[in-house]
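Visitor: Residue numbers (full-length UniProt numbering): 1 to 98.
Glycine included, every Cβ here is placed at the ideal spot set by N, Cα and C.
Since we're looking at a predicted model, the values are computed, not measured.
(1) Would DSSP call residue 92 helix, strand or coil?
(2) Taking DSSP as the reference, what is the three-state secondary structure of residue 24?
(3) Using only the alpha-carbon positions, how far apart do residue 67 and residue 75 sit?
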């Protein structure tokens, strides 16, 4: 058998029972509520600071998206115009040669 498997005797220093200091129930509830309030107020402060930046970022993003959409649209339109012009030029060239 392994060492330490026998019965252990406690040292006289550890025999004392530890007494837990407890606050009264009402006091504990009040402290708990105060802690919760402080935590909630902190998150509100952080939220408030971030809101302005977030709104600004969203506006900028919206503007950039709109610009990108317009660019894409006009790029597509220009491609179509170029194709049409080439087609028309080809038709004109064929009409002249015949």
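Guide: Considering the structure as presented:
(1) When secondary structure is reduced to three states using DSSP, residue 92 falls in the helix class.
(2) The three-state reading of DSSP puts residue 24 in coil, since its state is none of H, G, I, E or B.
(3) If I take the Cα positions, the gap works out to 12 angstroms.
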